[in-house]
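**Student:**
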Amino acid sequence: MPEDTDLPQATVVRRSRTRISVVWIIPILAAAVALGIAVQRILSEGPTITIVFKAAEGLEAGKTLVKYKDVSIGQVTAVRLSPDYSKVEVTAKIAKSAEGLMVEDAKFWVVQPRVTLSGVSGLGTLLSGNYVGIEVGKSTKKQRTFIGLEEPLIITVGQPGRSFVLKAANLGPLGVGAPVYYHSLQAGQVVSYSLAGDGKAIELRIFVNAPYDTYVNAGTRFWNASGVDVSVGAGGVEVRTESLVALLAGGVAFDTPAFAAQPEPAAPNTAFTLHGDRATAMKQPESISTRYVLYFDESLRGLSAGAPVTLLGLTAGEVSNVGLDIDRATAIVRGRVEIVTYPDRLLARLSAQQAATRATLARSATERHAFMQRLVEQRGLRAQLRSGNLLTGQLYVAFDHFPDSPKAKIDWSQDVPVLPVTPSTLPDIEAKLTNIVTKLDKLPLEAIGDDVRRALVSVDQVLGNANNKTLPELNATLEETRRALAAADALLKNGLHTTLNEVNTTLEGARRVIATADGVLKNTDATLLGPDAPGQQDLRDALQEVTRAARSLRVLMDYLDRHPESLIRGKAADRP
Amino acid sequence: MTAELTAARAGLVSCETCDLLARPAEAAEPGYCPRCGVELASRRHHSVQYTWALVIAAAICYIPANVLPVLTTTALGSADSDTIMGGVILLYTTGSWPLALIVLVASVMVPLGKLVALAYLLITVQRGSITSNRERTRLYRMVEFIGRWSMLDVFVDAFTVALVQLQPLMWVAPGPGVLFFAAVVVLTMIAAESFDPRLIWDSSHAMKEHHA
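This is the structure we're talking about:
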């Protein structure tokens, strides 16, 4: 075996142990995770926006959230004053996912608990603190600086319903959030208000929620339902209110009168007129109207524009103007009342059987004029001022038939025809009452009083006489009569049959006398109490007669006493 | 000064687990400990490389651990996320500066210090520094000792999350930062473990040998 000592020694190449170890995966992994998080952070970094508010009420950097539909989409990162210290600049970091909301017409406001007459809102903020609310806009143009709203936006874009514009003369108590009523149900809200371009009216923007918005069509009327609507007219006192909230906070109500209903709901943002009250709003627009003028010589106090004009008590129109008419030549000043009549209203009251008449009259003005002409000329149709309400003194114009009134004609050639009038009955009654009072004034009341007093005095005297004189005499007479009767009685007891007859006869006479006396007494009673007291003389005469009768009776008795035989033989002839 | 006799110089290898001094099977592949069966190595394999990797990983994790919130407190509907430094600042501004100091030292300074210390040790070992071997060894011991206490923050976080759960009113949720913080602590602990302190001395021996 050869020995190859000079052969080079084979080098042992050690397996390199210095190659990159797997342990480096750990830092690479850590770096990857950290980088991943960083990239995710940077990618998810949403826009930073600045909102300018007047005041940062309850806004805190790092705490206050920006919420859309109650979902947090960002956070306020800084709250600082604007360079001129007049405003507050709120910087907020918005989530990447909500970046699309930050467009030109997005609106921001501070949501805080709000207690108003029309409701309590934002109660959640009592616990979580105020937050910034956002309402997404329709624009696609991005924006990063916004002007915050002072009042929260009430209607969100997604809310079903439609908004409309109301034009009003003044705002009244209506404010943002004021309810909108439909048949006393809250159907929407006042969203905003602004002065119209010309500065002469208010434009209210209202939002009517679905499904109420379908009830708004071109014929719908809106009116101010604020507070209590008290109207005093010839029709009496009318009080109307929509709800307690409307009473305090104001409100708008709407309804569609049956005659004006349109099948199609109104398009969004349609402009409507806001009427002052329900009556005005719901008034039917008159298709035909005829204007007349009336000249009155009497007081127009209590007659105002809007007062009703009636025909046989049915409303036929209204007073449009109350003025004056002066004729310089004759120096006559009279009241001029312009009225507008709506023949439609009266024609609508015709029965179905008279549809033909109605159609004819409604169609042709000439027909109406001819008919009116006949009414005035043949039936004596006249206008008259009447008091609608004695308490308030409101007047209205009534047309009625006065067949006795002087002849009159209507001159249709005039622009505004003059209708004949008749004086109102109220002044007539007044004149009559005045006459009566004047006559009463002329009566000689004092003289009459004197006469009456004197008469009473006479009566008094008569009564005094009766007491003092007549009655004692009567007493005496009666006494004598009794005595006479007693004597007669004695005589009768002693007397004979024939004598009895005579005595009877005499007694008869006496009874008559007594009866007469009795009558006299009764008469006396009557005459003495009577107002003219004429019986005093009669009484006295009667009593004298009785006295005389009694006296002759005594003479007879004396004679009989002395000549009892005369009862048998008769009165002896006078002896010589 | 004579060079100290080390196992490596004597051609021997010491078992890291049971400290049995044994003759290696061959210089490149020392084999296994005849007493406890652990693989023997004159020096830990790739100690410097491993330690570097872990230190760098820990350093990377240290950034999100401090930037991301560790706790998210939701009280009465408003959420509040706090980072470690945010908590320190909050404690300081509310007047409890001693607590702020403790948190600052325990949660910010100590992990950072560990990373810096390990990096320093690695650099000096790689550059073959022969100075202040004792100090460096002490530093290493300190790093190793502190390591096991650094999870305090994570514990506090876990306790708070578990305890404060008054659901509708207030609750606490862990933030992503706490995961990274835990990663920093774990990684530095492993890094400290994988560093072979014997390397500190090796360069000075080699230097002396060279001179000799």
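The listed protein sequences derive, respectively, from chains A and B. Position one of the first sequence corresponds to residue 1 (the working numbering), numbered consecutively onward. Position one of the second sequence corresponds to residue 577 (the working numbering), numbered consecutively onward. All C-beta atoms in this analysis are idealised placements derived from N, C-alpha and C, irrespective of residue type, glycine included. Note that the structure is a prediction, hence the values are computed from the model and not measured.
Identify each residue in the stretch 735-767 of chain B for which the Cβ-Cβ distance to at least one residue of chain A is less than 8 Å, and report them in chain order.
**Tutor:** Hits within the stretch, in order: 752, 756, 759 and 763.
**Student:** May I ask you to list, following chain order, the residues of the stretch 624-637 of chain B that have a beta carbon less than 7 Å from some beta carbon of chain A?
**Tutor:** Against chain A - using a Cβ distance shorter than 7 Å - the residues of the stretch 624-637 of chain B are 625, 626, 629, 630, 632, 633, 636 and 637.
**Student:** For residue 516 of chain A, which residues in the same chain have their Cβ closer than 7 Å to its Cβ, ignoring the five residues on either side in sequence?
**Tutor:** Once the five neighbours on either side are set aside, the close Cβ partners of residue 516 of chain A are 542.
**Student:** So, is the C-beta of residue 160 of chain A closer than 8 Å to a C-beta in chain B?
**Tutor:** Not an interface residue.
**Student:** Assign residue 278 of chain A to one of three DSSP states: helix, strand, or coil.
**Tutor:** Here residue 278 of chain A sits in helix by DSSP.
**Student:** Mind listing the chain A neighbours of residue 773 of chain B? Cutoff is C-beta to C-beta under 8 Å, in chain order.
**Tutor:** The contacting residues do not exist; residue 773 of chain B stays about 19 Å from chain A at best.
**Student:** Please report the residue range of the beta strand (DSSP E) in which residue 92 of chain A lies.
**Tutor:** First-last of the beta strand (DSSP E) with residue 92 of chain A: 88-94.
**Student:** Starting from residue 283 of chain A, follow the beta strand (DSSP E) in both directions and report where the run begins and ends.
**Tutor:** It is not in any beta strand (DSSP E) - residue 283 of chain A carries neither H nor E in the DSSP assignment.
**Student:** Could you list which residues in chain B have their beta carbon closer than 8 Å to that of residue 26 of chain A, in chain order?
**Tutor:** Simply 629, 630, 633 and 763.
**Student:** Residue 21 of chain A touches chain B at which residues, Cβ-Cβ below 8 Å?
**Tutor:** Chain B residues near residue 21 of chain A: 622, 625, 626 and 629.
**Student:** Can you list, in chain order, the stretches of the alpha helix (DSSP H) that have 4 or more residues and sit fully within the stretch 659-736 of chain B?
**Tutor:** The qualifying runs are 660-669, 673-679, 686-702 and 709-723.
**Student:** When you compare the CB positions of residue 257 of chain A and residue 282 of chain A, do they come within less than 8 Å of one another, or not?
**Tutor:** Contact: yes.
**Student:** What residues in the stretch 39-51 of chain A have a beta carbon less than 7 Å from any beta carbon of chain B?
**Tutor:** Answer set for the stretch 39-51 of chain A: empty.
**Student:** Check for me: the alpha helix (DSSP H) holding residue 467 of chain A runs from which residue to which?
**Tutor:** Note, residue 467 of chain A: premise wrong, no alpha helix (DSSP H); not H, not E.
**Student:** Identify, in the order they occur along the chain, each residue of the same chain with its Cβ nearer than 8 Å to the Cβ of residue 111 of chain A, setting aside the five sequence neighbours on each side.
**Tutor:** Correct list, in chain order: 67, 122, 125, 130, 131, 132, 133 and 152.
**Student:** Answer with buried or exposed for residue 353 of chain A, where buried requires no fewer than 16 other C-beta atoms within 10 angstroms of its C-beta.
**Tutor:** The residue is exposed, with fewer than 16 neighbouring Cβ atoms inside 10 Å.
**Student:** Whole-angstrom Cβ separation of residue 384 of chain A and residue 424 of chain A, contact assumed at under 8 Å?
**Tutor:** The pair is a contact, with the Cβ atoms about 5 Å apart (cut-off 8 Å).
**Student:** What are the residues that DSSP puts in a beta bridge with residue 401 of chain A?
**Tutor:** Note: residue 401 of chain A sits in a beta bridge opposite A:381.
**Student:** Do the stretch 99-106 of chain A and the stretch 22-35 of chain A touch if we need at least three Cβ pairs shorter than 8 Å?
**Tutor:** With the cut-off at 8 Å, the stretch 99-106 of chain A and the stretch 22-35 of chain A do not touch.
**Student:** Against chain A, with Cβ distances strictly below 8 Å, would residue 687 of chain B count as a contact?
**Tutor:** So no, residue 687 of chain B is outside the interface.
**Student:** With 16 other CB atoms within 10 Å as the buried threshold, where does residue 189 of chain A fall?
**Tutor:** The residue is buried, with at least 16 neighbouring Cβ atoms inside 10 Å.
**Student:** For residue 549 of chain A, collect the residues of the same chain with a Cβ closer than 8 Å to its Cβ; drop the 5 residues on either side in sequence, then sort them by chain order.
**Tutor:** The residues are 509, 510 and 513.
**Student:** Return the first residue and the last residue of the beta strand (DSSP E) that residue 264 of chain A is part of.
**Tutor:** Where residue 264 of chain A is concerned, there is no enclosing beta strand (DSSP E), given that its DSSP letter is neither H nor E.
**Student:** Tell me whether residue 413 of chain A is buried or exposed, calling it buried when 16 or more other Cβ atoms sit within 10 Å of its Cβ.
**Tutor:** Per the 10 Å Cβ criterion, exposed.
**Student:** Residues in the same chain with beta-carbon distance under 6 Å from residue 801 of chain B, minus the five sequence neighbours each way, listed in chain order, please.
**Tutor:** With chain B covering only 577 through 788, there is no way to say anything about residue 801 of chain B.
**Student:** Measuring alpha carbon to alpha carbon, tell me which residue in A:137, A:204 and A:109 is nearest residue 147 of chain A.
**Tutor:** Of the candidates A:137, A:204 and A:109, the one whose C-alpha sits nearest the C-alpha of residue 147 of chain A is A:109.
**Student:** Mapping DSSP to helix, strand and coil, what is residue 775 of chain B?
**Tutor:** Here residue 775 of chain B sits in helix by DSSP.
**Student:** For residue 203 of chain A, which of helix, strand or coil comes out of DSSP?
**Tutor:** Residue state, collapsed to three classes: strand.
**Student:** How long is the line joining the alpha carbons of residue 481 of chain A and residue 522 of chain A, rounded to whole angstroms?
**Tutor:** One C-alpha to the other measures close to 18 Å.
**Student:** With burial defined as no fewer than 16 other Cβ atoms inside 10 Å of the residue's Cβ, what is the status of residue 86 of chain A: buried or exposed?
**Tutor:** Answer is exposed; the Cβ neighbour count stays below 16.
**Student:** Under three-state DSSP, which class holds residue 342 of chain A?
**Tutor:** DSSP places residue 342 of chain A in coil when its eight states are reduced to three.
**Student:** Apply the 10 Å Cβ neighbour rule to residue 259 of chain A and answer buried if 16 or more other Cβ atoms are within range, or exposed otherwise.
**Tutor:** Label assigned to residue 259 of chain A: exposed.
**Student:** Which whole-angstrom value describes the C-beta separation of residue 396 of chain A and residue 386 of chain A, a residue pair presumed to lie in contact below a C-beta threshold of 8 Å?
**Tutor:** Yes, they are in contact, since the Cβ atoms of residue 396 of chain A and residue 386 of chain A sit about 6 Å apart, within 8 Å.
**Student:** Contact between the stretch 352-371 of chain A and the stretch 321-333 of chain A is defined here as three or more beta-carbon pairs at a separation below 8 Å; is this criterion met?
**Tutor:** Contact between the stretch 352-371 of chain A and the stretch 321-333 of chain A is absent, because fewer than three Cβ pairs lie under 8 Å.
**Student:** So with Cβ pairs under 8 Å, would you call residue 640 of chain B a contact of chain A?
**Tutor:** Closer than 8 Å: yes.
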